[in-house]
Structure formats: structure tokens, C-alpha cells
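Heads up: the sequence shown is residues 336 to 402, going by my numbering. All C-beta atoms in this analysis are idealised placements derived from N, C-alpha and C, irrespective of residue type, glycine included. Just so you know, these numbers come straight off a predicted model, no measurement behind them.
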Amino acid sequence: MNGQVGDRLHVHGNVVGQPDRIGEIVEVRGPDGGPPYVVRFADDHEALVYPGPDAVIEPGERMSHQS
């Protein structure tokens, strides 16, 4: 699993009634885009996350460098 700053980390709830959590990757601490990631969630809480099998990375918006 590789991510970049600006990507979204989507952690699926794995228990009935547990909501999904979606946050933005604000820092990548692992080599070559690997975990751990510092993730900022919607409530402004930041956490150091090692994603498990219930998580996916969704590409964030990238700025294109066109001349």
C-alpha cells in the first residue's frame, strides 16, 4: 500500500454499526510512499496510522505541472 500527501485513507468499519473513517494523508513517514502515515480526519484529529486490510488509499487531487 503506497500513498502520497493529499491522498485519502478510507478505513472501512469492520463491525456492524461502526462508521467508515476517511482522512487525508498529511505526512508519509515510510519509505517509497509506504506506511506509517500521519492522517487528519474530518474532526481535525491527527493520528499515526499503519493501515490494515480494512483500509484503502484513494488518490487525492494532484496538481499538474504544465507549461
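Reducing DSSP to helix, strand and coil, say where residue i ends up.
i, result
"residue 369", "coil"
"residue 384", "strand"
Quick check: residue i and residue j, are their CB atoms within less than 8 Å of each other?
i, j, result
"residue 395", "residue 368", "no"
"residue 341", "residue 359", "yes"
"residue 404", "residue 391", "This structure gives no information on residue 404, because the portion of the chain shown stretches from 336 to 402."
"residue 384", "residue 366", "no"
"residue 386", "residue 344", "yes"
DSSP has residue i in a bridge; who is on the other side?
i, result
"residue 343", "359 and 393"
"residue 377", "DSSP output for residue 377 lists no bridge partner at all."
How would you label residue i, buried or exposed, when you count the other beta carbons within 10 angstroms and need 16 or more for buried?
i, result
"residue 351", "exposed"
Cβ of residue i versus every heavy atom of the ligand SAM: is any distance shorter than 7 Å?
i, result
"residue 345", "Ligands displayed in this structure: none; no statement on the ligand SAM is therefore possible."
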